[in-house]
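So the structure is just underneath, and the comments pick up after that.
There are 2 protein chains.
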Amino acid sequence: MAQSHKFALRRRTIYRTNETSNSVAIICDGWACAYIPLPDGNRQILSFLLAGDITSAAAVFQDRSEISIEAVTDVHYCMINKADLRTALGSDRKVFDEFSAMWVRRKEEVEKLATDLGHRTAEARIARLVLGLLERLGERNLVHDLRFAFPLRLQHIADAAGLTVVHVSRIIGDMRRRGVIEMEGRFLTILDQHELMNISS
Amino acid sequence: MAQSHKFALRRRTIYRTNETSNSVAIICDGWACAYIPLPDGNRQILSFLLAGDITSAAAVFQDRSEISIEAVTDVHYCMINKADLRTALGSDRKVFDEFSAMWVRRKEEVEKLATDLGHRTAEARIARLVLGLLERLGERNLVHDLRFAFPLRLQHIADAAGLTVVHVSRIIGDMRRRGVIEMEGRFLTILDQHELMNISS
DNA sequence: CGCGCCGTTGAGGCTCCTCAACCCGGGTGG
DNA sequence: CCACCCGGGTTGAGGAGCCTCAACGGCGCG
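Protein chains in written order, with the numbering used here: chain A, 1192 to 1392; chain B, 1192 to 1392.
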């Protein structure tokens, strides 16, 4: 399958909304995020992409996408030709099954995100974001003693949770002071998982 | 393909979260809604389902789903066997293409919903809900002079927009008094489309 | 040294929620 | 027949949650 490796510095955009492209990116190393830009300059981050994640499953079936992709850390990624991927989906049963499983999972995550944004408090949204990352990083064996690399800036959390940086700062400050989580040196430690799950409501 | 026709009275639930089922429903007549129930008794409505819509595309690939389906009006629907549908997807190129196109569209709608819930005001969310229905009903030729059947109760709007009934009532009251929309007899008329689009920001 | 990025904190205000009361229309049962 | 209830919509008063604006401090880098 035709593919090429690429690299992006942190904060660079990998794909811009409505650009046409005949290939999709798969993250090889680092973190990226997928978001919808808003007319007022804000954005809604829909998901954080980790190693192995495809940037947008929907993009395989269309040549443009509403979604933008930006590097959160420095990122290595890999471009795969969409047409090749589509034919592989048709011919290889295993590829198809994996792809559809991934697609289902991503859809469920967006649906949960919508639910959080519509009905939960700032505190709960942030707690759920952290717990979601804990789970996904755990599957990749990147968590040790409830501690994991956490390159997100407050701005990322704010954009993902539909909040302002100021308010995220207050909430996280609270959580720290209450001994629920700890953040230093771009690492996050969950000190009180039970309480964090309570907060996530 | 094995299928059976069914009927549900309005306000009845057609599928309850995490029930196992080997078939998916397609709406034949009437309106339904797909939602995620919340522990506190609230819910987030993710989409309104019209004639021709499949209740949940993801459900085709799993035997249980996080999502519940409820009839908004009295509804005729049709159960299709999931395994049959999956084999049809593998063997029939046209079925596959239509299915994936539908899936892409539904995913985009949820992503836009998340964006609205995260970053837009109550007024804008409601305006976008109305405009989204205008578009979908328009494709089905169910709109005449910006007027269409509108069976939603305030509670549905509230659950979809992440608001309370009380606040939805105020916002819609405002819109009515300002001559933007009109609602009577379960019909909605858009009186000032330009202003409605402004409001939707 | 200066500047940009990042996080923190305070004061004040708007949006939306909560609680509560009330109205209307359509059953349903005495 | 009326009494009553239930689903649905409206309105008011007060308050919580989150935002805006603003200022400040630390850190890394040209």
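For each residue, glycine too, the CB sits at the ideal point set by N, CA and C.
Buried/exposed call for residue i, threshold 16 Cβ in 10 Å
i: Leu1310(A); result: Here residue 1310(A) is His; the residue named in the question, Leu, does not match the sequence. Answer is buried; the Cβ neighbour count reaches 16.
i: Lys1298(B); result: buried
i: Ala1316(B); result: For clarity, residue 1316(B) is Arg in the given sequence; the question names Ala instead. With 16 or more other Cβ atoms within 10 Å, it is buried.
i: Arg1234(A); result: buried
i: Val1397(B); result: Outside the shown range of chain B, which is 1192 to 1392, sits residue 1397(B), and nothing can be said about it.
i: Thr1246(A); result: buried
i: Arg1368(B); result: exposed
i: Ser1256(A); result: buried
i: Asp1244(B); result: buried
i: Glu1289(A); result: exposed
i: Arg1319(A); result: buried
i: Glu1302(B); result: buried
i: Val1357(A); result: exposed
i: Gly1221(B); result: buried
i: Thr1312(A); result: exposed
i: Asp1307(A); result: buried
i: Ser1259(A); result: buried
i: Gly1353(A); result: buried
Nearest-angstrom Cα separation, counted from residue j out to residue i
i: Thr1264(B); j: Ala1349(B); result: 17 Å
i: Ala1292(B); j: Asn1332(A); result: 35 Å
i: Leu1241(A); j: Gln1253(B); result: 24 Å
i: Arg1203(B); j: Glu1261(B); result: 6 Å
i: Arg1362(B); j: Val1371(B); result: A small fix is needed here, since residue 1362(B) is Ile in this sequence, not Arg. Answer to the nearest angstrom: the Cα atoms are 11 Å apart.
i: Phe1378(B); j: Lys1273(B); result: 36 Å
i: Asn1213(B); j: Arg1201(A); result: 45 Å
i: Ile1227(B); j: Ser1195(B); result: 26 Å
i: His1335(B); j: Pro1342(B); result: 16 Å
i: Ala1279(B); j: Met1270(B); result: 15 Å
i: Arg1327(A); j: Leu1345(B); result: 37 Å
i: Tyr1206(A); j: Ala1223(A); result: 11 Å
i: Ser1392(B); j: Val1321(B); result: 13 Å
i: Val1286(B); j: Arg1277(B); result: 10 Å
i: Ala1238(B); j: Leu1324(A); result: What sits at residue 1238(B) in the sequence shown is Ser, not Ala. Ser1238(B) and Leu1324(A): Cα-Cα distance of roughly 26 Å.
i: Asp1365(B); j: Glu1373(B); result: 11 Å
i: Ala1135(B); j: Val1215(B); result: Past the edges of chain B, shown from 1192 to 1392, lies residue 1135(B), and the structure says nothing about it.
i: Ala1340(A); j: His1347(A); result: 15 Å
i: Ser1360(A); j: Gly1281(A); result: 47 Å
i: Thr1211(A); j: Leu1229(A); result: 19 Å
i: Glu1375(B); j: Ala1199(B); result: 25 Å
i: Ala1248(A); j: Met1388(B); result: 30 Å
Partner residues on chain A for residue i, Cβ-Cβ distance less than 7 Å
i: His1310(B); result: Leu1229, Asn1233, Gln1235, Gly1353
i: Ser1291(B); result: Phe1252
i: Ala1305(B); result: Gln1235, Leu1237, Val1301, Leu1304, Ala1305, Leu1308
Simplified DSSP assignment, three categories, for residue i
i: Arg1412(B); result: Any question about residue 1412(B) goes unanswered here, given that chain B covers just 1192 to 1392.
i: Ala1279(B); result: helix
i: Asp1220(A); result: strand
i: Leu1200(A); result: coil
i: Leu1240(A); result: strand
i: Glu1314(A); result: helix
i: Asn1272(B); result: strand
i: Glu1299(B); result: helix
i: Ala1352(B); result: helix
i: Gln1384(B); result: helix
i: Ser1214(B); result: strand
i: Val1263(A); result: coil
i: Ala1248(A); result: coil
i: Ile1258(B); result: coil
i: Leu1379(A); result: strand
i: Ser1195(A); result: strand
8 Å Cβ cut-off: residues of chain B touching residue i
i: Val1295(A); result: Ala1249, Phe1252, Gln1253
i: Lys1273(A); result: Per Cβ cutoff of 8 Å: no residues; Lys1273(A) is ~12 Å from chain B at best.
Chain-ordered neighbours of residue i on chain B, where CB pairs are closer than 7 Å
i: Lys1285(A); result: Within 7 Å Cβ-Cβ: nothing; Lys1285(A) doesn't reach chain B, min ~12 Å.
Closer than 9 Å at the beta carbon, the chain A residues around residue i
i: Glu1257(B); result: Glu1299, Glu1302, Lys1303
(request) Scan the stretch 1326-1350 of chain B and note each continuous beta strand (DSSP E) run of 3 residues or more that stays entirely inside, going in chain order. (result) 1338-1340
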